[in-house]
Every structure is written in C-alpha cells, then in structure tokens.
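Below is one structure, written out as structure tokens; the observations come after it.
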Amino acid sequence: MTEPGGIGQAPAAAGRLLRLGATVVAAVSVLAGKAMIGMGIRRAPEGWRRTVGILLRSEATRFALSAFGLRVPRADGEDDAIENRTALGLASFLAHEPDAHFCLEWRRSVTIRRRVDFVDVAVLQFADDGLRTITPYLAASGPPAPAPDGQARAHEALVTAYNRTAGLPEAERCRSLLEQVRTTGGDGRSQAYARRLLAACCLSFEPLDPSDPSQRFRPPQFAARRGLGLGYLTWVARPDNGGSVDLWVSAHHVGLDGVPLQDLLDRLERAWGTTAVVAFPPALAGRPFAGPQPCHAPGERAVDHLTTFLDLSPVLALRRRLNAQYGGAVGGEVTFGALLAWLLNQEPEFAGVRIASTVDVAASGGYERDVDVVPLRPADYATGSGPWGGFVEFAREFNRLIAASRTRTSPLRAGMQTAGLLPPWAHATIVGSDPAALDVTFGSLCVTIVRGARVFVAPMTDFGLGHGFLAIGSASLPSTDGTRVASISIKGDAGRISHYPAILQRMIDRSARLQTDSVS
Numbered sequence: 000m001t002e003p004g005g006i007g008q009a010p011a012a013a014g015r016l017l018r019l020g021a022t023v024v025a026a027v028s029v030l031a032g033k034a035m036i037g038m039g040i041r042r043a044p045e046g047w048r049r050t051v052g053i054l055l056r057s058e059a060t061r062f063a064l065s066a067f068g069l070r071v072p073r074a075d076g077e078d079d080a081i082e083n084r085t086a087l088g089l090a091s092f093l094a095h096e097p098d099a100h101f102c103l104e105w106r107r108s109v110t111i112r113r114r115v116d117f118v119d120v121a122v123l124q125f126a127d128d129g130l131r132t133i134t135p136y137l138a139a140s141g142p143p144a145p146a147p148d149g150q151a152r153a154h155e156a157l158v159t160a161y162n163r164t165a166g167l168p169e170a171e172r173c174r175s176l177l178e179q180v181r182t183t184g185g186d187g188r189s190q191a192y193a194r195r196l197l198a199a200c201c202l203s204f205e206p207l208d209p210s211d212p213s214q215r216f217r218p219p220q221f222a223a224r225r226g227l228g229l230g231y232l233t234w235v236a237r238p239d240n241g242g243s244v245d246l247w248v249s250a251h252h253v254g255l256d257g258v259p260l261q262d263l264l265d266r267l268e269r270a271w272g273t274t275a276v277v278a279f280p281p282a283l284a285g286r287p288f289a290g291p292q293p294c295h296a297p298g299e300r301a302v303d304h305l306t307t308f309l310d311l312s313p314v315l316a317l318r319r320r321l322n323a324q325y326g327g328a329v330g331g332e333v334t335f336g337a338l339l340a341w342l343l344n345q346e347p348e349f350a351g352v353r354i355a356s357t358v359d360v361a362a363s364g365g366y367e368r369d370v371d372v373v374p375l376r377p378a379d380y381a382t383g384s385g386p387w388g389g390f391v392e393f394a395r396e397f398n399r400l401i402a403a404s405r406t407r408t409s410p411l412r413a414g415m416q417t418a419g420l421l422p423p424w425a426h427a428t429i430v431g432s433d434p435a436a437l438d439v440t441f442g443s444l445c446v447t448i449v450r451g452a453r454v455f456v457a458p459m460t461d462f463g464l465g466h467g468f469l470a471i472g473s474a475s476l477p478s479t480d481g482t483r484v485a486s487i488s489i490k491g492d493a494g495r496i497s498h499y500p501a502i503l504q505r506m507i508d509r510s511a512r513l514q515t516d517s518v519s
C-alpha cells in the first residue's frame with residue numbers, strides 16, 4: 000500500500016543519497032590517500048583502531064577481565080578503609096602504566112583515543128536511583144584542583160548530568176555528558192576540573208554475599224554502573240572480610256585490546272600480591288553459570304551475555320595428537336584457534352559459518368600494538384572424507400594468515416587500512432548501509448582467546464557477528480572439584496545464545512571420542 004503524499008519516501012530517498020554520497024567520497028578518498036602514500040606524503044593508516052572506533056561503540060561491545068584475591072596495599076594516613084586503600088593503590092599503580100594513559104573522544108561517527116599525561120581515579124557510589132556521589136583520587140602530576148566549593152559544584156553537575164543521560168545509548172550519552180558539563184559546570188576552572196573527571200578511570204564497589212561463594216565469579220552488571228564517559232577503563236571492586244578484593248575491569252576496545260589489558264592485570268597481581276589459590280567453579284557440562292542476561296544500554300543493539308565453565312582438556316589433548324601427526328605439514332603448530340574453528344564448523348548450528356579468530360599484533364614499523372583477525376570458513380576446506388578431510392590445508396592457511404597478521408601484511412589489514420582512508424562519516428555510512436557484508440569480511444562468529452585470563456567477558460560488535468562472540472580464558476584454572484577448567488564468555492543477539500554451552504560441550508565430548516579414532 001502506497002503511503003499518502005509519499006510519507007516515508009523522503010527519508011528513504013535521503014538515505015539513498017547519503018549512501019551514494021558516501022560511496023563517491025570513499026572512492027575519491029581512497030584514490031587520493033593511496034596516491035599520497037605512494038608519494039611518501041603520508042603513511043598507511045593503522046586500520047584496527049579506526050575499525051573498532053566505527054564498529055564497537057555501544058555498551059555491549061566492551062569487554063572485561065578479572066583478578067581475584069588481590070592484597071590491597073596499606074594506606075598512609077588515618078583512613079584505612081578498604082575502599083580508600085583500593086582507590087589509592089589503583090591510582091598509584093595506573094600512574095606508571097603507559098597503557099592506562101588514554102582517554103576517549105566521542106565524535107558523531109567514530110570513537111578515537113587520545114594519550115593523556117596523567118591518570119585520575121574517580122570512585123562512583125551508586126544508589127537504586129542512579130549515581131549518588133563522586134570521590135576523586137587525583138594524580139599528583141595533574142593540574143591543581145579548584146577550591147572545595149568549585150569541586151563541589153563540578154561534582155554536583157556531573158552527578159546530575161550522569162543521571163539525566165543514563166537512558167541514552169553510550170555513543171550519545173558520552174557526547175551529551177560533555178555538553179551538559181559545558182553548560183552547567185560552573186566557571187572556567189570548575190568546568191576544566193569536571194572535564195578532567197569525565198576522563199578518569201572509574202571505580203565502584205560491590206558487596207559480596209558471604210552465603211554465596213560462587214557470586215564472586217559472576218561478572219558485574221557493568222551496564223548499570225557505566226563510567227563518566229571519556230575514560231576507557233571502568234573498574235568494579237568486590238572486597239572480602241580479610242582485606243583483599245576481587246577486581247573486574249571493563250574496557251572500550253578503542254582504548255586497549257584484550258591481551259595487553261591482561262598483561263596490565265598480571266602486573267597488578269605481581270605488585271599487590273594475592274591471597275591463597277582461588278578455586279573456580281567446576282565444569283558445568285554444557286550449562287550456563289551466569290546468564291544469559293542483557294548487557295546493552297537503552298536504545299542499543301539488544302545483546303545477551305552468559306558465562307560458563309568447561310573442561311577443555313579433551314580438546315587440548317586432541318591438539319597435542321594432531322601436532323604430533325601434522326605439525327610438519329601445516330607450516331608450524333596446529334593452533335588452538337584453528338582446531339576450535341574446525342570443530343565448531345562440524346556442529347550443525349555453525350556448519351558453513353565463517354569463523355574469525357583474533358591475533359595479537361606486536362608494535363612494529365611505527366604502529367602501536369593492536370589486533371588483526373583471521374576470518375576463514377572451514378567448510379571451504381573440508382572434503383567430506385571423515386572429520387579430518389581437508390584439515391591440513393585449513394590449518395596451513397590459518398597459520399599463513401597468522402604470520403601475515405603479525406607482519407601487518409594480511410588481506411584484512413590491507414582492507415582496514417584502505418577503510419581508514421575514508422572520512423569517518425563515510426566509513427560509518429557504508430558499514431551501516433550493508434551490515435551483512437561484515438559477515439563476509441570478518442565472519443559471523445568470532446572466537447578470541449586470552450590465555451592468562453581468569454573470568455573473561457567477551458566483546459561484541461554493533462553490526463554483524465550474527466552468530467555471536469566467544470571469549471576463552473585460561474584453560475588451566477583450578478576448580479573446586481580438583482579438575483582444571485576454562486571460563487567461556489558468550490555474547491550474541493538477545494534470545495540466541497542460551498544453548499551455546501551445550502554446543503560447546505558436544506564439541507568437547509566429540510574431541511574425546513576423536514582421540515581414540517584414527518586420525519588420517
């Protein structure tokens with residue numbers, strides 16, 4: 000039925016014109032950019048940070064890592080409360096961490112990171128109706144704070160703006176917070192102080208229920224305790240009665256990636272020390288441990304998150320057997336990521352799916368440490384002659400792409416660098432106009448592994464990844480029943496992922512059977 004007067008046609012026509020304009024601008028930008036690169040006037044964009052700045056902007060796209068049983072340093076002075084000690088200790092530690100010295104700049108189409116000279120910590124106290132107070136722990140290397148009355152005005156303006164914007168999508172909320180501070184933050188010095196706090200690392204405290212020992216392993220509801228907008232790290236501390244804390248940190252991917260953030264947590268563990276060995280929940284035989292539950296903010300893509308614990312030892316044993324048989328034929332080791340992708344492809348729910356595996360890429364050639372992605376479709380290599388038909392060819396190509404990723408010469412890196420030549424608005428418009436194309440480029444299921452992670456919360460994207468995101472931490476966590484387990488975090492579209500732990504358990508059980516079968 001045609002709408003009267005063409006109602007609805009004008010926005011559609013405007014959208015088509017916008018996409019056409021973006022395509023034309025993109026073509027011109029790429030031609031001009033490559034010409035300048037060829038003449039040595041500019042170098043190729045880094046690619047990754049721009050990509051995540053376009054694709055990962057919502058609350059659900061953040062990832063999180065954890066550390067358990069940290070001994071909180073003693074504090075000088077009269078206030079020996081564990082909250083004060085934790086904030087002081089964290090501020091002191093982050094002051095010497097280069098990877099903590101970033102803040103976010105939220106533009107209309109892209110989020111970018113900026114290096115900062117100092118790191119502040121802001122303790123946020125929440126009530127049932129929202130943010131109640133802000134207590135700053137300011138870096139000594141930063142500028143002097145205003146007088147107490149100026150600080151109080153800035154804190155009041157920030158709390159009011161925070162609660163007013165709590166119902167907005169993250170990309171809108173952060174820009175709105177900054178704008179409201181500009182208009183209500185008092186005089187120039189108070190406004191500058193308020194903007195400084197917006198960029199702080201945020202820390203809040205959450206009590207543990209002593210009657211439920213498993214609670215400590217359930218990720219916090221980060222969407223209910225978002226940060227102040229421009230800082231990329233949001234911490235949640237769960238103190239116990241013995242003077243130690245469990246720390247969870249949620250990060251925006253534009254600020255930092257998973258492996259370097261785990262490295263930072265490892266350094267924090269060494270600096271503070273830990274209590275007795277932590278025993279994690281036992282393997283759950285394909286059942287969720289926590290969730291699924293929503294992890295998005297209002298107005299964003301509806302994303303669920305769940306956590307489970309599984310015993311991956313059959314998969315690891317199978318990998319050892321495959322390496323003994325095929326190690327020389329695949330151009331290196333059979334990687335855990337390659338084996339997971341191959342096994343997942345044999346589950347009916349993931350048959351024929353292009354699976355992306357992330358690669359940590361060291362700093363080189365003037366580019367900072369970042370990430371690349373190996374997106375392969377195992378079905379393109381499977382011959383149908385048993386469970387291993389075509390596996391050698393697949394594993395060899397997987398290793399080739401990993402090597403290319405580490406030298407920044409992969410096809411996907413080249414594509415991200417080309418996209419980085421586009422103006423952000425054109426890049427975002429093209430991505431938003433055809434999100435299905437992302438599944439072809441990046442895959443529709445992503446698997447990321449951070450080998451040292453304890454309980455890991457997966458990231459997600461704002462477009463694509465229709466089959467979701469799996470994040471796997473250490474496979475050797477000691478559990479309460481004496482076995483070794485891994486934390487598995489899963490994010491995906493709302494209502495889609497509740498059965499994923501059962502799929503993974505089927506894969507594990509099949510791996511155990513495959514060890515006893517002939518591998519040929």
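Residue 0 is where the sequence shown starts when you use numbering that gives the first Met the number 0, and the numbers rise one by one after that. Each residue gets a CB set at the ideal place from its N, CA and C atoms; glycine is no exception.
### Task
Pick helix, strand or coil for T460, following the three-state DSSP scheme.
By 1-based counting over the sequence shown, the position of residue 460 is 461. Looking at T460 - three-state DSSP - the assignment turns out to be coil, as it is neither helix nor strand.
### Query
Which residues bound the beta strand (DSSP E) around S243?
Walking along the sequence shown from the start, residue 243 turns up at place 244. Per DSSP, S243 belongs to the beta strand (DSSP E) from 243 to 250.
#### Entry: Identity of the residue in P477, A59, R41 nearest A282 by Cα
Mapped onto the sequence shown, residue 282 falls at position 283. Of all alpha-carbon atoms in P477, A59, R41, the one lying nearest the alpha-carbon of A282 is that of P477.
### Query
Thinking just about the alpha-carbon of each residue, which of L69, A34, P500, A511 is nearest to the one in A270?
Start at 1 with the first residue of the sequence shown, and residue 270 comes out as number 271. Here the closest residue by C-alpha is L69.
### Query
Does the separation of the CB atoms of G419 and P44 fall below 8 Å?
On the sequence shown, position 420 is the one that residue 419 refers to. On the sequence shown, position 45 is the one that residue 44 refers to. For the pair G419 and P44, the CB atoms are nearer than the 8 Å cut-off.
### Query
Can you give the beta carbon distance from L421 to E396, rounded, assuming they're within the 8 Å contact cut?
Position 422 of the sequence shown, counting from 1, holds the residue named residue 421. Position 397 of the sequence shown, counting from 1, holds the residue named residue 396. Between E396 and L421 the Cβ distance is about 29 Å, and since that is not below 8 Å, they are no contact.
### Query
Thinking just about the alpha-carbon of each residue, which of I471, I53, R319 is nearest to the one in A63?
Mapped onto the sequence shown, residue 63 falls at position 64. Relative to the Cα of A63, the nearest Cα in the group I471, I53, R319 belongs to I471.
### Message
For a test of the three-state rule: what should DSSP assign to R70, helix, strand or coil?
### Response
Taking the sequence shown and counting its residues from 1, one reaches residue 70 at position 71. Residue state, collapsed to three classes: strand.
### Message
Can you check which of these residues, R318, R509, P238, is closest to A80 by C-alpha distance?
### Response
In the sequence shown, counting from the first residue as 1, residue 80 sits at position 81. Closest by alpha carbon: P238.
### Extent of the continuous alpha helix (DSSP H) to which V430 belongs
For the purposes of this step, residue 430 is taken as the residue at position 431 of the sequence shown. First-last of the alpha helix (DSSP H) with V430: 423 to 432.
### Message
Suppose the cutoff is 8 Å on Cβ atoms and the five residues either side in sequence are ignored; what does the same chain contact list for G431 look like?
### Response
Taking the sequence shown and counting its residues from 1, the one referred to as residue 431 is at position 432. In chain order, F462 place their CB closer than 8 Å to the CB of G431, counting only its own chain and leaving out the 5 sequence neighbours on each side.
### Query
For the beta strand (DSSP E) that contains A126, what are its first and last residues?
Indexing the sequence shown from 1 puts residue 126 at position 127. 120 to 126 is the extent of the beta strand (DSSP E) around A126.
### Message
Considering only DSSP beta bridges, list what R483 is partnered with.
### Response
Sequence index remark: in the sequence shown, residue 483 carries index 484 (1-based). In DSSP, R483 forms a bridge with P477.
### Task
Using three-state DSSP, classify F308 as helix, strand or coil.
Taking the first residue of the sequence shown as 1, we reach residue 308 at position 309. Annotated three-state conformation of F308 is strand, per DSSP.
#### Entry: C-alpha distance - M506 paired with E367, whole-angstrom precision
Start at 1 with the first residue of the sequence shown, and residue 506 comes out as number 507. Start at 1 with the first residue of the sequence shown, and residue 367 comes out as number 368. When rounded, the distance between both Cα atoms is 36 Å.
### Task
Measure the Cβ-Cβ separation of Q416 and G46 and say whether it is below 8 Å.
Counting from one through the sequence shown, the residue named residue 416 turns up at place 417. Counting from one through the sequence shown, the residue named residue 46 turns up at place 47. For Q416 and G46, yes; Cβs fall inside 8 Å.
### Query
Around the C-beta of I6, are 16 or more other C-beta atoms found within 10 angstroms, so that it is buried, or is it exposed?
Working through the sequence shown from its first residue, we reach residue 6 at position 7. Its pLDDT being 49, under 50, I6 is placed unreliably in this model, and the value from its coordinates should be taken loosely. Burial call: exposed.
### Query
Is DSSP giving I40 helix, strand or coil here?
Here the question's residue 40 lines up with position 41 in the sequence shown. Note: I40 maps to coil in three-state DSSP.
### Query
Would you call V109 buried or exposed, if buried means 16 or more other Cβ atoms sit within 10 Å of its Cβ?
Numbered from its first residue, the sequence shown carries residue 109 at position 110. It is buried - the Cβ of V109 has at least 16 other Cβ atoms within 10 Å.
### Task
Return yes when the Cβ of W105 is within less than 8 Å of the Cβ of R174, no when it is not.
Locating residue 174 in the sequence shown gives position 175, where the first residue counts as 1. Locating residue 105 in the sequence shown gives position 106, where the first residue counts as 1. Going by C-beta atoms, R174 is nearer than 8 Å to W105.
### Assumed close pair A457, S488 - CB separation to whole angstroms, cut-off 8 Å
Here residue 457 refers to the residue found at position 458 of the sequence shown. Here residue 488 refers to the residue found at position 489 of the sequence shown. Confirmed, Cβ separation roughly 4 Å.
### Query
Going by DSSP, what residues sit across from A236 in a beta bridge?
Sequence index remark: in the sequence shown, residue 236 carries index 237 (1-based). Paired residue(s): F204, L246.
### Task
Give, in chain order, every unbroken run of the alpha helix (DSSP H) that is at least 4 residues long and sits entirely within the region 136 to 196.
Restricted to the region 136 to 196, the alpha helix (DSSP H) segments that are unbroken, complete and at least 4 residues in length are 147 to 163, 169 to 183, listed in chain order.
### Query
For E169, is the classification buried or exposed, using 16 other Cβ atoms within 10 angstroms of its Cβ as the cut-off for buried?
The residue labelled residue 169 in the question sits at position 170 within the sequence shown. By the 10 Å Cβ count, E169 comes out buried.
#### Entry: Whole-Å CB distance - V454 paired with F216, under 8 Å assumed
Taking the sequence shown and counting its residues from 1, one reaches residue 454 at position 455. Taking the sequence shown and counting its residues from 1, one reaches residue 216 at position 217. About 6 Å; that satisfies the 8 Å criterion.
### Message
Give me the DSSP bridge partner(s) of I401.
### Response
Residue mapping note: residue 401 aligns to position 402 of the sequence shown, counting from 1. Its beta-bridge partners do not exist; DSSP assigns none.
### Query
Where F529 and D211 are concerned, what is the direct C-alpha to C-alpha distance, given to the nearest angstrom?
Look at the range of the chain in this structure, 0 to 519, and you will see that residue 529 is not part of it.
#### Entry: Neighbourhood of A511 by C-beta distance below 7 Å, restricted to the same chain and skipping five residues each side
Position 512 of the sequence shown, counted from the first residue, corresponds to residue 511. For A511, where only same-chain residues beyond five positions count, the Cβ hits under 7 Å are P313.
### Query
How many Å lie between A199 and A394 at the Cα?
Position 200 of the sequence shown, counted from the first residue, corresponds to residue 199. Position 395 of the sequence shown, counted from the first residue, corresponds to residue 394. Spanning the two alpha carbons is a distance of roughly 44 Å.
### Range of the contiguous beta strand (DSSP E) that encloses W105
Your numbering for residue 105 matches position 106 in the sequence shown. W105: member of the beta strand (DSSP E) spanning 101 to 105, first to last residue.
### Message
Let me make sure I understand the geometry here. Which of L54, I496, Q214, F390 has the alpha-carbon closest to that of D293?
### Response
The count along the sequence shown starts at 1 and reaches residue 293 at position 294. In the sequence on display, residue 293 carries Pro and not Asp. Checked all of L54, I496, Q214, F390; the closest Cα to P293 is I496.
### Task
In the DSSP assignment, find the unbroken alpha helix (DSSP H) run with L89 in it and report its ends.
Counted from its first residue, the sequence shown places residue 89 at position 90. Residues 81 to 93.
### Query
Where DSSP assigns a beta bridge to I471, which residues make up the other side?
For this step, residue 471 is matched to residue 472 along the sequence shown. According to DSSP, I471 bridges with I448, I487.
### Message
One question on the structure: do G52 and I111 come within less than 8 Å of each other, judged by their Cβ atoms?
### Response
Here the question's residue 52 lines up with position 53 in the sequence shown. Here the question's residue 111 lines up with position 112 in the sequence shown. For G52 and I111, yes; Cβs fall inside 8 Å.
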